[in-house]
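Sequential numbering of the sequence shown, starting at 2, is according to our numbering.
Glycine is no exception: its CB is placed at the ideal position from the N, C-alpha and C atoms.
I have placed the structure first, in the form of C-alpha cells, so that the comments after it can refer back to it.
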Amino acid sequence: MRLESWLYGCCLVTFMSCSDGERLGEGADTPIIEVSASDMMMSDNPFFRNSQLQLNYPEFNLVKNEHYLPAFEYGMTEHLREIKEIVEQKADPGFENTIVALELSGQIYSRVARIFFSMSSAHTNDEIRRLEQDLAPRLASHEDSIYLNQQLFLRIEKLYLSRNSLQLDAESKRLLEQTYKNFQRAGAALNEADKEKLKELNAELAMLETRFSQNILDEANGLAIIVDSREELVGLSEGRINSAAQSAENKGLAGKFVIPLLNTSGQPVLTSLQNRELRERIHKASLSRGSRGGEFDNRANLTSILKLRSEKARLLGYDNHAHYVVENQTALTVDAVNQRLAELAVPAAKNVIKESQELQRLIDEEGGGFKLEAWDWDFYAERLRKERFDFDAGLLRDYFELDNVLERGVFYAAGRLFGISFEERFDLPVYQEDVRVFEVTDHNGEILALFIADFYARPSKRGGAWMNAYVAQSKLTGEKPVIANHLNITKPGPGEPTLLTFDEVTTMFHEFGHALHGMFSQVQYPSFSGTRVPRDFVEYPSQVNEMWASWPEVLQNYALHYLSGKKLDAEILEKVLAAQSFNQGFTTFEYLAASIIDQAFHQLESQEIPLVDDIMAFELSALEDAGLAILAVPPRYRATYFNHIMGGYSAGYYSYIWSEVLDADTVEWFKENGGLLRQNGEYFRESVLSRGGSLDAMQMYNNFRGREAEIRPLLERRGLL
Numbered sequence: 002m003r004l005e006s007w008l009y010g011c012c013l014v015t016f017m018s019c020s021d022g023e024r025l026g027e028g029a030d031t032p033i034i035e036v037s038a039s040d041m042m043m044s045d046n047p048f049f050r051n052s053q054l055q056l057n058y059p060e061f062n063l064v065k066n067e068h069y070l071p072a073f074e075y076g077m078t079e080h081l082r083e084i085k086e087i088v089e090q091k092a093d094p095g096f097e098n099t100i101v102a103l104e105l106s107g108q109i110y111s112r113v114a115r116i117f118f119s120m121s122s123a124h125t126n127d128e129i130r131r132l133e134q135d136l137a138p139r140l141a142s143h144e145d146s147i148y149l150n151q152q153l154f155l156r157i158e159k160l161y162l163s164r165n166s167l168q169l170d171a172e173s174k175r176l177l178e179q180t181y182k183n184f185q186r187a188g189a190a191l192n193e194a195d196k197e198k199l200k201e202l203n204a205e206l207a208m209l210e211t212r213f214s215q216n217i218l219d220e221a222n223g224l225a226i227i228v229d230s231r232e233e234l235v236g237l238s239e240g241r242i243n244s245a246a247q248s249a250e251n252k253g254l255a256g257k258f259v260i261p262l263l264n265t266s267g268q269p270v271l272t273s274l275q276n277r278e279l280r281e282r283i284h285k286a287s288l289s290r291g292s293r294g295g296e297f298d299n300r301a302n303l304t305s306i307l308k309l310r311s312e313k314a315r316l317l318g319y320d321n322h323a324h325y326v327v328e329n330q331t332a333l334t335v336d337a338v339n340q341r342l343a344e345l346a347v348p349a350a351k352n353v354i355k356e357s358q359e360l361q362r363l364i365d366e367e368g369g370g371f372k373l374e375a376w377d378w379d380f381y382a383e384r385l386r387k388e389r390f391d392f393d394a395g396l397l398r399d400y401f402e403l404d405n406v407l408e409r410g411v412f413y414a415a416g417r418l419f420g421i422s423f424e425e426r427f428d429l430p431v432y433q434e435d436v437r438v439f440e441v442t443d444h445n446g447e448i449l450a451l452f453i454a455d456f457y458a459r460p461s462k463r464g465g466a467w468m469n470a471y472v473a474q475s476k477l478t479g480e481k482p483v484i485a486n487h488l489n490i491t492k493p494g495p496g497e498p499t500l501l502t503f504d505e506v507t508t509m510f511h512e513f514g515h516a517l518h519g520m521f522s523q524v525q526y527p528s529f530s531g532t533r534v535p536r537d538f539v540e541y542p543s544q545v546n547e548m549w550a551s552w553p554e555v556l557q558n559y560a561l562h563y564l565s566g567k568k569l570d571a572e573i574l575e576k577v578l579a580a581q582s583f584n585q586g587f588t589t590f591e592y593l594a595a596s597i598i599d600q601a602f603h604q605l606e607s608q609e610i611p612l613v614d615d616i617m618a619f620e621l622s623a624l625e626d627a628g629l630a631i632l633a634v635p636p637r638y639r640a641t642y643f644n645h646i647m648g649g650y651s652a653g654y655y656s657y658i659w660s661e662v663l664d665a666d667t668v669e670w671f672k673e674n675g676g677l678l679r680q681n682g683e684y685f686r687e688s689v690l691s692r693g694g695s696l697d698a699m700q701m702y703n704n705f706r707g708r709e710a711e712i713r714p715l716l717e718r719r720g721l722l
C-alpha cells in the first residue's frame, strides 16, 4: 500500500495512492477512459512512463495542464487492474502476492498525484484549481474502491490472523499489521449498506475540503492590504517597502504599495510598522479571513465538514472525529491530548498576562494613551526586546541573507553532523524560475538525494511552509529520494538582497529537518518511507533541527553582514541567544489556542456542530473554557483559515507541542554529548531518521534516548516552570 505524504504548512498531508473499496466503475459514478498499452507508448504524456532524469526527478519541463486528467484516469484504470490481479489470483494469500503486490501497485497514479498536488500547493493556476475540485470526489471514490474491496480485505485478514506463523522479518510483519489496521480504519469491515454511506461521506468531504483550502488562498490574495503612500510605511525596511511597491506594480497599482497577508493570524510587518491605524487595518483584515461574508466565506464549508467528519467517525465506531484520529497517533487517546493541552494552558495564560502588563507599561511610559490591542503586541514586544536585551531584531536581518543562511547555516550544520555535502544543479528543470535544485552527496561519496528549494511567496502558492517527497526512498522499488522544501519568504525588489527575520531562519532549519527525515530514510517498503510516521511524531525531527539555527558555531558561520561580510558581533550574538526565551508566553499561548480550537470542534458529535452563524462564537467559547480568551493574543489560526485541519492535521494540531516534548529532551541529549559532532549525527540518523515508520514511533524514541522522554526541558524552554 503506497502512502504518498508531504508536509503541509509544516504539517503532514496524506494522499492515499493505493486505496480500498470496490472497483472503480462498479457502483461508482466515475467514468474511465480506456487507454491501450500501445496508445500509452505513443503518448507524449510524461506521466505514462518513469522520468528519464536522475533519480526519477520530475520532468517539470514536459508537464502541461492537459496531461493531468488523462494520467489520473489511466493511472486509476491501471491501479484497479493491478488490484483485480491480486484479488482474482488462484494462489492462496501470501505476503508477497498480496501485501508486497499492494505496495507496488498504483505507480502511474502515484506519479501524477505527487506532482499534481504539489503544484496545487506550490504553483497553482485556474486549470489546476478547477481540476482539483472536479477530481476530489473521483479520487475519494477510487480510494474507496480499494479500501472497501471485500475480497481484498479477506486476503489481508487471512494473512493478519496467521501473521505469527509467517516467519516475517520485523518490518514486513509491521507492514502486514499496519495494512490490516489501515483497511479496518477505512471501513473494510463494514456491511455493504454502511460502505455505500461511507463512500458518499468521503466524496463529499473531499470536495468540501478542497473548496475550503482554495478559499483560503483566494481570500488571502483578495485581502492584500493596499497602501497609498510611502509615508504610511514608516518603520519598514527599505527592502520591504520596495517589495510592497513591486507587488503593487504587479497588480497594476503603480505608485501604491501592497502588503500580502501571510498564513497566520499575526502578520510580520506589525513588528516594525509605526502607523497604528495601518497596523489595526492589517490585523483586522487578517482575522476576518473566511468569516466576513462573500464568495470565500468558509463558515458554511467548515460546518459541513465537521458534520460529515463526525458522521464518518460514528459510522466507523468512534465517538467523534478526534477519537478516530488520535487512536492512530502516539498520544493514543483524546484524554491524553486534552490533559497535555490543559496542563500547558494555565502557565501559558499566566505568562501572557505578565507579558501584556510589561507591554502596557511601555505604552504608558511613551504617553500612548491607549490600551494594548492585538495589533500592538508585536510592535511593543520588539521595543521591549530592545530595552531588555539592547539589540534591534530588525537590524539583525542584515546578517541573515538567504544564501548565507542556506549554505553556511542549514547545509553547514547538516554537513558537520552527518557528513553530507551539497552542489547546486542548473541542468534539471524547475516549475518556477525562483526554484533551485541541489544534489546531495552522502559521507561515502554516493548520491543520497536531490533537494528542491522553493523559498519565495507568490500569489500561486499557498501560505505556510512545508516539505514534500516527489520520490520516496524504498529498497523494494530501488528509488532514492527527491525532497522539496517550500517557504513563503517575501521576495525583495529587483537587485535587493533577500534578508530574513530570525523566525524565517528558524523555519528554514525546521523544514530542512523534515527534508533530512526524507533523505535519510532506509526502509524496505514505500509505506514506511521518511516522514510516513504518526502526525504527532512527524514534527519531532524537524523541531530538533531548529536547534542548529542558534547553535553558536553555526550561527557565527552564517550570520554575516550582507554588504561587508562582517560576522555578527559576539556580544550581540550572546544577546540573541539570551533573548530566545523572550515572549514565550505569547508564542505558547497563540499555539495552544489554535490547538484547543481544533480539538473543541472535532470532539463534537454531529448534532452538536454549531450553525454557520455560530461558528466564531463557538470558537470564542472554547477558548474561554480553556482560559485562553485574551483578545490581545488571538489564536495562531482562526477556524475559517485553519488550513492545517484540512490538510491532514484535523484533531492533530496538538502534534507540535507533543513532538516538542521529544525535541526538547533530544536537545538536552545533544548538549550532554558534545553537540555538533559526527558521531552524534550518525547515532541520531541510525536510531531515528533512517527508520521512517518501520518501527513504533515511541519505541524508536526510547531506543534512541534509552528511556522515555521527560517534559522538564520543554517547560524550561517555554518558561512554564
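Item to complete: Report the option in L721, I616 and G682 whose CA atom is closest to the CA atom of G416.
Response: G682
Discussion item. Would you call the region 652-664 in contact with the region 271-280, where contact means no fewer than 3 C-beta pairs closer than 8 Å?
Written reply: no
Discussion item. Which residue marks the beginning of the alpha helix (DSSP H) containing A249, and which one marks its end?
Written reply: E239 to N251
Practice prompt. Select from G369, A137, R164 and G223 the residue whose C-alpha is nearest the C-alpha of S202.
Written response: Residue 202 is actually Leu in this sequence, not Ser. Nearest C-alpha to L202: A137.
Discussion item. So, at 6 Å on beta carbons, what are the nonlocal neighbours of T507 in its own chain, with the 5 sequence-adjacent residues on each side left out?
Written reply: E547 and A550
Discussion item. If I follow the unbroken beta strand (DSSP E) through N489, where does it start and stop?
Written reply: V483 to I490 is the extent of the beta strand (DSSP E) around N489.
Item to complete: Grab me the residues of R24's own chain with a C-beta within less than 8 Å of its C-beta, minus the 5 sequence neighbours each way, in chain order.
Response: Below a pLDDT of 50, predicted positions are generally treated as unreliable, and R24, at 24, falls in that range; the measurement from the model is reported next regardless. Excluding sequence neighbours, R24 sits near L81, I84, K85, S146 and N150.
Fill in: Residues of its chain near A323, where Cβ-Cβ distance is below 7 Å and the 5 sequence neighbours each way are ignored
V335, Q600, H603, Q604 and A652
Discussion item. Within a Cβ cutoff of 8 Å, which residues of the same chain sit near L360, ignoring the five residues on either side of it in sequence?
Written reply: Closer than 8 Å at Cβ, skipping near neighbours: L373, D377, W378, Y381, A382 and L385.
Worksheet item: Going by beta carbon distance, what residues of the same chain come within less than 7 Å of D614, once the five residues before and after it are set aside?
Response: none
Discussion item. According to DSSP, simplified to helix, strand and coil, what is M647?
Written reply: Look at M647 here: in three-state DSSP terms it is coil, with no helix or strand label.
Worksheet entry | N703 (DSSP reduced to helix, strand or coil) | Three-state result, N703: helix.
Practice prompt. Taking L1 and L56 to be in contact with their CB atoms under 8 Å, please state how far apart those CB atoms are, rounded to whole angstroms.
Written response: The structure shown has nothing for residue 1, since the chain only spans 2 to 722.
Item to complete: Could you spell out where the alpha helix (DSSP H) holding R130 opens and where it closes?
Response: D127 to Y148
Fill in: Close beta carbons around Y725, own chain, < 7 Å, minus the five adjacent residues each side
Shown here, the chain extends from 2 to 722; a query on residue 725 therefore has no answer.
Worksheet item: For E220, which of helix, strand or coil comes out of DSSP?
Response: helix
Discussion item. Going by beta-carbon coordinates alone, are G291 and Y650 separated by less than 8 Å?
Written reply: no
Fill in: Identified DSSP bridge partners for M468
Under DSSP, M468 takes part in a beta bridge, and its partners are N486.
Fill in: Check whether V723 and A225 have beta carbons under 8 Å apart
With the chain represented from 2 up to 722, any question about residue 723 goes unanswered, as that position is not in the structure.
Worksheet item: Where DSSP assigns a beta bridge to K196, which residues make up the other side?
Response: According to DSSP, K196 bridges with nothing at all.
Worksheet entry | Span separating the alpha-carbon of E673 from that of Y684 | 14 Å
Worksheet item: Which residues in the same chain as Y58 place their Cβ atom closer than 7 Å to its Cβ, once the five residues preceding and following it in sequence are excluded?
Response: S52, L429, L451 and V483
Item to complete: Label L162 either buried or exposed according to how many other C-beta atoms from any shown protein chain fall within 10 Å of its C-beta, with 16 as the threshold for buried.
Response: exposed
Discussion item. Three or more C-beta pairs under 8 Å: does that hold for the region 528-544 against the region 456-476?
Written reply: yes
Worksheet item: Taking all protein chains shown into account, do 16 or more other C-beta atoms lie within 10 angstroms of the C-beta of K65, making it buried, or fewer, making it exposed?
Response: Result: exposed.
Practice prompt. Flag this pair as yes or no: are the beta carbons of L629 and A350 separated by less than 8 Å?
Written response: yes
Worksheet item: Okay, do the region 558-566 and the region 400-414 touch, 3+ Cβ pairs below 8 Å being the bar?
Response: Counting Cβ pairs under 8 Å, three or more are found: they touch.
Practice prompt. Determine the DSSP secondary structure at F456, reduced to helix, strand or coil.
Written response: strand
Practice prompt. Find out if the Cβ-Cβ distance for the pair R639, S266 is shorter than 8 Å.
Written response: yes
Worksheet item: If you follow the alpha helix (DSSP H) that Y178 is part of, which residue opens it and which one closes it?
Response: Reading off the sequence, residue 178 comes out as Glu, not Tyr. Per DSSP, the unbroken alpha helix (DSSP H) holding E178 starts and ends at A171 to R186.
Discussion item. My parser needs the alpha helix (DSSP H) runs of 4 or more residues fully inside the region 368-431; what are they?
Written reply: Assignment of alpha helix (DSSP H) within the region 368-431, counting only whole runs of 4 or more residues, yields 375-390, 394-397 and 412-419 in chain order.
Practice prompt. Return helix, strand or coil for L451, following the three-state DSSP convention.
Written response: strand
Worksheet item: Which stretch, first to last residue, makes up the beta strand (DSSP E) that contains T442?
Response: T442 -> beta strand (DSSP E) spans R437 to T442.
Worksheet item: L309 and L206 look like a contact to me (Cβ under 8 Å); what is the Cβ gap, rounded to whole Å?
Response: L309 to L206, Cβ: 5 Å. Contact.
Discussion item. Let me check understanding here. Comparing Cα to Cα, which of Q358, N165, Q523 and N469 lies closest to A123?
Written reply: N469
Worksheet item: Which first and last residues belong to the beta strand (DSSP E) in which I226 is found?
Response: Looking at the DSSP string, the run of the beta strand (DSSP E) that includes I226 is I226 to V228.
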